[in-house]
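Be aware that the sequence shown starts at 6, since it is given in my numbering, and climbs by one per residue. Note that beta-carbon positions come from the ideal geometry of N, C-alpha and C, so glycine has one too. Since the structure is predicted, the reported quantities are computational estimates derived from the model, not experimental observations.
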Amino acid sequence: MAKRKSNRTDTASEAPAGNAATPSAAQLTRAIKNLDRDLAEMLQRRAGLSVERAKLGKPVADSAVPEDALTVPGPMQQSGLEPIFREIAAACRELVAPQRVAYLGPDFTFSHLAAYHRFGRSSELVPVGSIAAVFEEVESGNCSFGIVPLENSTDGRISDTLDCFSRSPARICGELPLRVHHCLLGSGERRDIRRVYSKPQALSQCRKWLAGHLPQAEVIANASTAEAARLARDDRQVAAIASRQAGVEHELNILAENIEDNPDNVTRFAVIGPSPASPSGNDKTALMFEVVHEPGALADAMNLFKRNRLNMTWIESFPIPGSGGRYLFFVEFVGHQTELRARRAIAALGKKSLRLEVLGSYAQCEAID
């Protein structure tokens, strides 16, 4: 494709000839306006190409953060570029196939923030009351995707999510590791606090800080961090542990920030949909299986991954409800399920398993703030 020739001038060409002085404010303003129009024209062209690509049977790429674009040198940090490209991708997706995305609500929970980071504001984000309801929205076709917490670096696995995977046909098509930063929020002063509300996981992740800084306060678990923020808004003796965004939404004071005990506190979310993602070249695959309950059965199953040179990144055991001591095992390894080594390992594991399901393959992602 030929490079488009711009009729616009940059700041240097607007400066008076022979004048090496800093450009004037008027020149800079004019140059910015010209670039803004160029950007708008290029965004419209990008949107048109996305529509044309969709007509050829190729959907708009799910990734909202193109790595090549983020490495272009300049004064803007990657953290500033990421949300811009996320919204561009979301807006283009909406032109082709409007998306509804279910998440564990209410608004301004960390699940909501994860959904926003992954899908952008242009998508319709649908809050529901439970993790099971997220799966139901996807299974029914009411939502294109769902986003559910999978594990936390402090508290480990999310049992409700694993239970839903054991019963649902929904598949993992993406992951989003989100750095979780907790704030102490209140409508009064920190010295006034007598009760601290939040969801159990958030309280667990801040228990050392609470013991050291608010030993006199009663710690009370409730349904969500967003609900805790609403309680704190109405009572000066109540504090909430929630996100900074929840504090802004409910007009609360930030009494302390980053109070999580583990500074590298990350919750990994799984994006669920009707089918797995296509290979990206940097993927992981998740499996769920059950083996016979006898000595050496699990060790034999695990040896298949070593034999096929597959690097496991996660393993969890999960008791099957009402089974009398039987377990499901969740395993994640590096590679896509369509790759030869993965296919061999999955086929061999199927012969040793009472039950085996591939939960999906998806691109590996770095943790985001």
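Neighbour-count burial assignment, residue i, 16 or more Cβ in a 10 Å radius
{"i": "M47", "result": "exposed"}
{"i": "K204", "result": "buried"}
{"i": "P21", "result": "Unreliable placement is indicated for P21, whose pLDDT of 47 sits below 50; no coordinate value is reported for it."}
{"i": "K38", "result": "exposed"}
{"i": "P327", "result": "In the sequence under discussion, the amino acid at residue 327 is Gly, which differs from the Pro named in the question. Looking at its Cβ environment, which holds fewer than 16 other Cβ atoms inside 10 Å, G327 is exposed."}
{"i": "R91", "result": "buried"}
{"i": "R172", "result": "exposed"}
{"i": "R212", "result": "exposed"}
{"i": "E256", "result": "exposed"}
{"i": "I259", "result": "exposed"}
{"i": "G329", "result": "exposed"}
{"i": "P78", "result": "exposed"}
{"i": "T114", "result": "buried"}
{"i": "V56", "result": "exposed"}
{"i": "S149", "result": "buried"}
{"i": "A74", "result": "exposed"}
Backbone CA spacing between residue i and residue j [nearest angstrom]
{"i": "D266", "j": "G193", "result": "24 Å"}
{"i": "P279", "j": "R200", "result": "43 Å"}
{"i": "A96", "j": "S127", "result": "6 Å"}
{"i": "A66", "j": "G125", "result": "Unreliable placement is indicated for A66, whose pLDDT of 48 sits below 50; the coordinate value is still reported in the next sentence. The alpha-carbon atoms of A66 and G125 are separated by roughly 14 Å."}
{"i": "A435", "j": "D197", "result": "Nothing about residue 435 can be reported from this structure: the residues present for the chain run from 6 to 374 only."}
{"i": "I351", "j": "L109", "result": "32 Å"}
{"i": "E371", "j": "N157", "result": "15 Å"}
{"i": "P268", "j": "Q206", "result": "15 Å"}
{"i": "I177", "j": "L309", "result": "22 Å"}
{"i": "L61", "j": "L54", "result": "11 Å"}
{"i": "A245", "j": "R273", "result": "23 Å"}
{"i": "A304", "j": "R331", "result": "16 Å"}
{"i": "K10", "j": "G286", "result": "Residue placement at K10 is flagged as unreliable, the pLDDT there being 46, under the threshold of 50; the coordinate-derived value follows with that caveat. So the alpha carbons of these two residues sit roughly 35 Å apart."}
{"i": "G151", "j": "I277", "result": "5 Å"}
{"i": "I359", "j": "A282", "result": "According to the sequence as given, residue 359 is Leu; it is not Ile. Looking at the two C-alpha atoms, the distance is approximately 26 Å."}
{"i": "S145", "j": "V363", "result": "20 Å"}
{"i": "R42", "j": "W319", "result": "47 Å"}
{"i": "R58", "j": "A45", "result": "20 Å"}
{"i": "S366", "j": "L215", "result": "39 Å"}
{"i": "A306", "j": "A353", "result": "9 Å"}
{"i": "S346", "j": "G355", "result": "Going by the sequence as given, residue 346 is Arg instead of Ser. Straight-line Cα distance between these residues: approximately 14 Å."}
{"i": "R123", "j": "A234", "result": "24 Å"}
{"i": "Y121", "j": "K357", "result": "41 Å"}
{"i": "N270", "j": "Q210", "result": "8 Å"}
{"i": "E344", "j": "L100", "result": "32 Å"}
{"i": "A261", "j": "L189", "result": "5 Å"}
{"i": "S116", "j": "Q32", "result": "45 Å"}
{"i": "I89", "j": "L155", "result": "27 Å"}
{"i": "G5", "j": "A237", "result": "The requested residue 5 does not occur in the structure, where the chain is confined to residues 6 to 374."}
{"i": "P28", "j": "R51", "result": "32 Å"}
{"i": "H187", "j": "G340", "result": "33 Å"}
{"i": "L40", "j": "L208", "result": "47 Å"}
{"i": "A69", "j": "A275", "result": "Reliability of the predicted coordinates at A69 is poor, the pLDDT of 49 falling under 50, and no value is obtained from them."}
{"i": "F323", "j": "R162", "result": "10 Å"}
{"i": "A36", "j": "Q49", "result": "20 Å"}
{"i": "I136", "j": "P174", "result": "15 Å"}
Limits of the unbroken alpha helix (DSSP H) element including residue i
{"i": "A302", "result": "302-312"}
{"i": "D165", "result": "164-172"}
{"i": "L44", "result": "30-60"}
{"i": "E232", "result": "230-239"}
First through last residue of the beta strand (DSSP E) which encompasses residue i
{"i": "S209", "result": "Run containing S209: none in the beta strand (DSSP E); it sits in the alpha helix (DSSP H), 205-210."}
{"i": "N4", "result": "Outside the modelled stretch of the chain, which goes from 6 to 374, sits residue 4, for which no answer is possible."}
{"i": "E337", "result": "332-339"}
{"i": "I320", "result": "317-324"}
{"i": "S116", "result": "No beta strand (DSSP E) contains S116, which is instead part of the alpha helix (DSSP H) from 115-124."}
{"i": "A222", "result": "That residue, A222, is in no beta strand (DSSP E); it is neither H nor E in DSSP."}
{"i": "T290", "result": "288-296"}
{"i": "R360", "result": "358-368"}
Bridge-paired residues (DSSP) for residue i
{"i": "E382", "result": "With the chain covering only 6 through 374, there is no way to say anything about residue 382."}
{"i": "C435", "result": "Because residue 435 is not part of the residues shown, which for the chain are 6 to 374, the question remains open."}
{"i": "F150", "result": "V106"}
{"i": "V253", "result": "Beta-bridge pairing links V253 to no other residue."}
{"i": "L183", "result": "T272, I373"}
{"i": "P132", "result": "Y108"}
{"i": "V201", "result": "V224, A244"}
{"i": "R176", "result": "G278"}
{"i": "S355", "result": "Reading off the sequence shown, one finds Gly at residue 355, where the question assumed Ser. None, per the DSSP bridge assignment."}
{"i": "G161", "result": "N157"}
Residue i at chain C interface by Cβ criterion, 8 Å
{"i": "G193", "result": "No chain C is part of this structure, which consists of one protein chain only."}
Are at least three pairs of beta-carbons, each pair with one atom in the segment 294-301 and one in the segment 234-253, less than 8 Å apart?
Contact fails: fewer than three Cβ-Cβ distances are below 8 Å.
Under 8 Å: do the segment 74-85 and the segment 215-231 share three or more Cβ pairs, one atom per stretch?
Cβ pair count under 8 Å is below three, so no.
Pairing CB atoms from the segment 301-320 with CB atoms from the segment 168-181, are three or more of them under 8 Å?
With the cut-off at 8 Å, the segment 301-320 and the segment 168-181 do not touch.
Is the segment 334-350 touching the segment 281-300 in the sense that three or more CB pairs, one from each, lie closer than 8 Å?
The segment 281-300 is in contact with the segment 334-350.
Taking 8 Å as the cut-off, does the segment 127-142 touch the segment 98-108 (at least 3 CB pairs, one atom from each stretch)?
Yes: at least three Cβ pairs fall under 8 Å.
Do three or more CB pairs link the segment 136-146 to the segment 165-172 at distances below 8 Å?
Under the 8 Å Cβ criterion, the segment 136-146 counts as touching the segment 165-172, having at least three qualifying pairs.
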